[in-house]
Amino acid sequence: MKKPGNGSSSGKKGNTRKPKSTNGAGDSSSRLDPAIARWLVAAVAEFPASRSSTIPMLQSAQTALGYLPGDAMRAIARHLGVAPAVVEGVASFYAQFRFNAPGKHRVTVCSGTACYVRGSGKLMEDIQADLHIAPGGTTADGSISLESVSCFGACALAPVVVLDDKVLRQQTSASMKKVIQELSAGPPKGRTRSARSAPAARGARK
Amino acid sequence: MTRLAIRADLEALRAQLTASFDPHQRRIFVCMGTGCKACGGDEILAGFDKALKRAKLQDQVEVVMTGCRGFCENGALVAVRPPGTLYCRVTASDIPEIVEKTVARGEVIERLLYEMPGVIPGVPGRRISAEEAIPFYQHQMRVVLGMNDRIDPTRIEDYIQEGGYAGLAKALFDMTPDQIVDEVQRAGLRGRGGGGFPTGQKWKFCRAAPGDVKYVICNADEGDPGAFMDRSLLEGNPHAVLEGMAIGALAIGSSHGYVYIRAEYPLAIERLRIAIDQMRERGLLGENILGSGFSFDIIIKEGAGAFVCGEETALIASIEGRRGMPMARPPFPAVKGLFGKPTNINNVETWGNISHIITGGADAYAARGTEGSKGTKIFSLVGKVNNTGLVEVPMGMQLRQLVYEIGGGVKGGRALKAVQSGGPSGGCIPASMMHLPIDYESLAKAGSIMGSGGLVVMDETTCMVDLARYFVSFTEKESCGKCAPCRLGTRQMRMILDDICEGRGTEQSIAQLESLGEAVCKGSLCGLGQTAPNPVLTTIKYFRDEYLAHVREKRCPAGVCQPLFVATCSNGCPAEVDIPAYLSLVAESREEEALLSHMERNPFPSVCARVCPHPCESRCRREAVDAPVAIRSVKRFMVDSSPPVSISVMERPAEERRRTAVVGAGPAGLTAAYFLRRLGHEVTVYEAMAEPGGMLRYGIPSYRLPHHELERDIKRITDIGVKIVCNATVGKKLSIARLHKDYDAVFVGSGAWSDVSMGVPGEDARGVASGIEFLKKAAQGGAPRLKGDAVVVGGGNTAMDAARTALRLGAGSVTVAYRRTREEMPVQPEEITEALEEGVKLEFLVAPVEVIGDGKGGAAALKFQRMRMGDFDDSGRRRPIPIEGDFIEIPAANIIRAIGQKPVIPAGGPPVSKRGTVNVDQFSLATEYEGIFAGGDAVLGPATAVEAIAHGRRAAEAIEHYLHPGKHVHFPWNAPRALDTAFDPAAPASALARRETRKLIPIKRRESFDEVELALSARAARAEAGRCLRCDFGKTIVSREDE
């Protein structure tokens, strides 16, 4: 099970999140993107070259770079002395990792049970309609990425949306429409029925 | 921070902290859990510092940030102690007032106190000042969470002052490792992460495993959606968990610990980091702890978002830097775990219990809980419950106590449907099993599991099929893919559930789900797959009817599965009237078309416009904006102002036309007759009374439903050729057997005319009457004027109707006596209001015990036993309990009992249940006698008109299928929707407020039987109809005609 190279082909079905392959371009660190190079210097110093550093290094790269460029993963593989596929295989397994640059703002809708029972399913649909993107996508202007998470553990505030790192409690389609409007700093592209018919936001104090 | 080199240093520090602590000093505790932070906790914390400085109180008052107090929905929470006042939903703007009034002068600010959920619309609930008096806290037993609300989680001193690390010191110096293991084993602690494996035993295995390097791991990968106890404990009291880990490491012989925590919990990670750093600085972590020679250190590992990593072997793989895939056991981690070494993994809450066991002793610990489940358990109580949050209760508490007493009942006073426990691995426990004690065994027996402690409360608007789909799609996504049963099985199950939710399911689909579910349980490698089918299997087990409604009728009773209904209002209407259609037609002044649309589902528009309890309005989505559309008032205008309409009858060849008979000309019978006639059949309705209408005529007083309005509805039915024979009692001369012989099919729609006696001495006195008989006489015009006072016993519609009728018939004073309280009264709230306006008195919490005679054979008074409200029953209502020796007498010459009604089934009719209702197949309404169908009160017991009407149409459709088996006729009322009203989805919604109808002034009402409710004007009605948000717009729904 530890055979390197098996990583990304086995396991999780539906390789929808498969990292982009860049065919070995940028193999040498001299041609690395400066941001990646900067991160790499610090990371190599911080993390020991043991396989248990894989996930912490991936997390550190994503924190620094916003996502996981192929070059960063290959750099991790070199540092750990394993095949790049091993690192990619681990990365593609976990929901936390992104392989595309995220938008300026991240809107994360909680789809945990408590949120779902209180209408996060419909909320997600309406946000998708407003942004014209599916979960995992980023708006064409690169301003907003939409994501879903299985539970934030803020269940008593359901339904919860996390905007960047701020937890927004008891959201409705209408209140999210406002949030999105403010983020994209301009009127939304098209008004949609679903959001119009949705209940308006109520004050935090009921 | 000075290092604590020996045990005495720890005790000295504690003594010093205690000595310098002034319990009388006023402190402000600001909750800084994730929930309250989301509500502005940071600003509030900073705000207090500033406001205190401004008031020059900063030296006398301390501001303490605490961890999560669990009452998250009311955040941000601020407590001021003394006196112990808890403020809810505090915002930064409230701070000056709190400082000025409460902090400086000890005054309580009423508006910031917790408000009990109001049960009666418009009546606010009681406000409570003291923290411990709030029911949410009152019934809890906070042991593990005990310190959360009074210590600052970023200050190790707070923890030490409260007795922290005494357990570790005791374990280090007073106990041997074997004694520690023994103590934990004797305490009976079981794993809190879900499995419930005895913790002591687990430790014993790991201790016994050979090897010099061993690991302890804290599993904080709280992946169960809907659960957040681990997060709150780590945020609020990280030291409790870390102390437990140190004790465990000592017992097992390990010197390396890991906390594997979800990356989604940034605040918990931060608090853990701070706690670990402080432990190191104090010498409670690292080399030679407290000079004992024991060394131990802890590393934090952040998870990366994979639910399966909650499984121990997958978690180990993840720490090792691999894909988080489980491995077959044995070898168990206790023998071969992290990096191949013996490893002990426990959940956060389990670790949080350890120090309590060591300091308090196993016996004291085991005194709480049940035989097989010891101690307390933390639950996250969420979903459709009033008080959502984190609660800790002793094992064995009944579910209903948790939901109703602590949780404050279901939101909006709706009916509880089920409680889901154990997350995606657990199951749904139906409302009928709320007496279940919460412990490992009872939950397993019910088909669910304790899991990590998520309890999601669901009401009638949660669809159980959709919920099962939700959980399975979750496990499908989270399945690691290693073994086929889980990877493919969850996918297949999800696809079948998609079919059912989208109207493509058949009964075969349900059977497939069951067999597939069993296969996945048996065939999967790890706990994720083995338990993944639980939500599906338990919902099928307890809510099969809901599945059947989806597959047989393409109907989603909860109004969730979008392709199965037009709009939630229509879905909430038992008769499924297309409400957005007629509202939008009225808005365009097209009343005639609106009425015709209504007639496609319900032939009693006049009646329903007056007496329907309008379940549609409680499902109206406009409620979230301001208030629901006044649907019933618009209907009233529609039917009052529409010209007469003509209804077409299907042309059918003679050989397809059949003869059908209907027993009872009430709402069920006449509706069945109307729809059967529209299908071209001959229909004869037999009615025992002199006039048709049944309960609508004789049971509902004319001030609510004028007879001429009822007759308008009946005329539309007779106009299409339905024959009504009055004064013809079925079951006497005209037997059911005869009808059965003479007609091709029979529908029994008799009403609930038989009343239930009080069963008290003296009930046969003159002046004691049955409510329904009293109303019948009054409707026939045969009731005499009443002399003296009247008392009506009961709390339902009949009781309220009888009371208001008695008032109109001249009774002096009229009192309605009910054994529960106003909140439990089944009658519509607006009727209580109207009755009160007219002068009816209400007496609550009394149960009749004796009719006191006047010595001349008449009644003089009714004696009542006073009651009080006791515990909750499964339905969520408190049970009334007699107060010994406390009686009252209400003088009254007229005593009317209205405490229950039963259907009257014609002699020789189809078999009935113990409750006296006809046994039917709930979908076809076919009775046990072939060719005889039944519906309305005969099947339901006393129910509403609209429910009877719904049965009438259902029966007519079933009778058609029975008369022409295998031959499919398209029901004209199910024709595809062709609505051409204008609607601009981009335009802003109407900003108008809900228009209420006006009522006759109370003085005028008492003098006559004139209708009390007045109609809206044309302008008001059209404007009101225009408030509809048109949830139906652009929606296509599944046709029910496809077989």
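Sequences listed follow chains A and B, in order. Position 201, counted from 1, in the first sequence is what my numbering calls 347; the numbers after and before it change by one each time, with no gaps. Position 727, counted from 1, in the second sequence is what my numbering calls 741; the numbers after and before it change by one each time, with no gaps. All residues carry an ideal CB built from backbone N, CA and C; glycine is no exception.
What residues of chain B sit near residue i, judged by a beta carbon separation below 7 Å?
i                      : result
residue 239 of chain A : 320, 337 and 338
residue 242 of chain A : 277, 318 and 319
residue 201 of chain A : 318, 332 and 335
residue 315 of chain A : 52 and 53
residue 298 of chain A : 278
Rounded to whole angstroms, what's the CA-CA distance from residue i to residue j? Just pull it up for me.
i                       : j                       : result
residue 1052 of chain B : residue 598 of chain B  : 22 Å
residue 221 of chain A  : residue 178 of chain A  : 10 Å
residue 426 of chain B  : residue 472 of chain B  : 12 Å
residue 403 of chain B  : residue 55 of chain B   : 17 Å
residue 298 of chain B  : residue 537 of chain B  : 46 Å
residue 213 of chain B  : residue 300 of chain A  : 28 Å
residue 1047 of chain B : residue 576 of chain B  : 12 Å
residue 959 of chain B  : residue 795 of chain B  : 23 Å
residue 414 of chain B  : residue 740 of chain B  : 49 Å
residue 867 of chain B  : residue 1013 of chain B : 39 Å
residue 890 of chain B  : residue 951 of chain B  : 25 Å
residue 982 of chain B  : residue 971 of chain B  : 11 Å
residue 168 of chain A  : residue 334 of chain B  : Only weak support exists for where residue 168 of chain A lies, its pLDDT of 45 falling under 50; the value from the coordinates is given anyway. Using only the alpha carbons, I get a separation of about 27 Å.
residue 128 of chain B  : residue 101 of chain B  : 7 Å
residue 151 of chain B  : residue 110 of chain B  : 27 Å
Mind pulling the chain B residues with CB within less than 9 Å of residue i?
i                      : result
residue 283 of chain A : The contacting residues do not exist; residue 283 of chain A stays about 17 Å from chain B at best.
residue 303 of chain A : 48, 49, 52, 53, 86, 87, 89 and 402
residue 197 of chain A : 334, 335 and 336
residue 235 of chain A : 336 and 337
Pull the bridge partners of residue i from the DSSP assignment, please.
i                      : result
residue 388 of chain B : B/383
residue 860 of chain B : B/880
residue 886 of chain B : B/892
Among the options, which has the Cα closest to the Cα of residue i?
i                       : options                       : result
residue 37 of chain B   : B/19, B/59 and B/75           : B/75
residue 125 of chain B  : B/972, B/138, B/506 and B/372 : B/138
residue 397 of chain B  : B/526, B/153, B/437 and B/797 : B/437
residue 285 of chain B  : B/321, B/484 and B/170        : B/170
residue 979 of chain B  : B/1020, B/945 and B/558       : B/945
residue 352 of chain B  : B/464, B/260, B/230 and B/375 : B/230
residue 485 of chain B  : A/217, A/186, A/252 and A/258 : A/258
residue 233 of chain A  : B/336, B/898 and B/667        : B/336
residue 386 of chain B  : B/373, B/211 and B/787        : B/211
residue 930 of chain B  : B/729, B/913 and B/954        : B/954
residue 185 of chain A  : A/200, A/249, A/218 and A/317 : A/218
residue 1049 of chain B : B/991, B/1035 and B/1032      : B/991
residue 527 of chain B  : B/541, B/548, B/516 and B/540 : B/548
residue 289 of chain A  : A/261, A/302, A/328 and A/255 : A/328
Report the neighbours of residue i on chain B: residues whose CB is nearer than 8 Å to its CB, in chain order.
i                      : result
residue 205 of chain A : 277, 316 and 318
Can you find a heavy atom of the ligand SAH that lies under 6 Å from the Cβ of residue i?
i                      : result
residue 929 of chain B : Ligands in the displayed structure: none, and consequently the ligand SAH is not present.
Going along chain A in order, which residues have a C-beta closer than 9 Å to the C-beta of residue i?
i                      : result
residue 472 of chain B : 263
residue 966 of chain B : Residues of chain A passing the Cβ test: none, with the nearest at roughly 32 Å.
Since residue i meets chain A, which of its residues come closer than 8 Å, beta carbon to beta carbon?
i                      : result
residue 942 of chain B : None at all; the shortest Cβ gap to chain A is about 39 Å.
residue 606 of chain B : By Cβ distance, chain A contributes nothing, its closest Cβ being about 27 Å from residue 606 of chain B, past 8 Å.
Name, please, each residue of chain A whose Cβ falls closer than 7 Å to the Cβ of residue i.
i                      : result
residue 396 of chain B : 260, 301, 302 and 304
residue 252 of chain B : The premise fails here: residue 252 of chain B is roughly 15 Å from chain A at the closest Cβ pair, so nothing lies under 7 Å.
Please compile the residues from chain D whose C-beta is within a distance smaller than 8 Å of the C-beta of residue i.
i                      : result
residue 212 of chain A : No chain D is present in this structure, whose protein chains are A and B.
Original post:
In chain order, which continuous runs of the beta strand (DSSP E) of length 3 or greater are located wholly inside the segment 653-728 of chain B?
Top reply: 673-677 and 696-700
**OP:** Mind listing, in chain order, the continuous beta strand (DSSP E) runs of no fewer than 3 residues lying wholly within the segment 81-156 of chain B?
**Re:** 92-95 and 99-101
**OP:** Could I get the ranges of all uninterrupted beta strand (DSSP E) runs contained in the segment 898-965 of chain B, with 3 residues as the minimum, in chain order?
**Re:** 908-911 and 946-948
Subject >> Within the segment 214-277 of chain A, ranges of the beta strand (DSSP E) (whole runs, at least 3 residues) >> reply: 251-256
**OP:** At 3 residues or longer, and completely inside the segment 507-554 of chain B: list those beta strand (DSSP E) runs for me, N to C.
**Re:** none
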